[in-house]
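One rule links them: number in the working numbering = place in the sequence shown (from 1) + 1144.
All C-beta atoms, glycine included, are put in the ideal place defined by N, C-alpha and C.
Quick caveat: nothing in here was measured; it's all calculated off a predicted structure.
For reference, the structure discussed in these notes is given below.
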Amino acid sequence: MLSLFRWRYGHLRDFNGLTQVMSAAWPWLAALYLGWRSVQQWRRAHSSVELR
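Structure below.
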């Protein structure tokens, strides 16, 4: 994660720099998304009231 903050000037100007940033960031973004989805699903399962 710290490698994202060692940028040189114009790092994202070329495709290589953008690829390096995305390859370092995608596992963290995927973990955040999956955690958010599991919390939403847990809340939906525990807060719904059945009406019969």
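C-alpha distance - residue i paired with residue j, whole-angstrom precision
i, j, result
"glutamine 1164", "leucine 1173", "15 Å"
"methionine 1166", "tryptophan 1186", "29 Å"
"leucine 1176", "glutamine 1184", "12 Å"
"arginine 1157", "histidine 1190", "47 Å"
"serine 1182", "proline 1171", "16 Å"
Residue i - containing alpha helix (DSSP H), residue span
i, result
"arginine 1157", "Per DSSP, arginine 1157 belongs to no alpha helix (DSSP H) and is neither H nor E."
Contacting residues, own chain, Cβ-Cβ under 7 Å from residue i (five flanking each side not counted)
i, result
"tryptophan 1180", "none"
Short CB-CB distance (under 8 Å) between residue i and chain C
i, result
"glutamine 1164", "Judged by its chain identifiers, the structure shown contains no chain C, having just a single protein chain."
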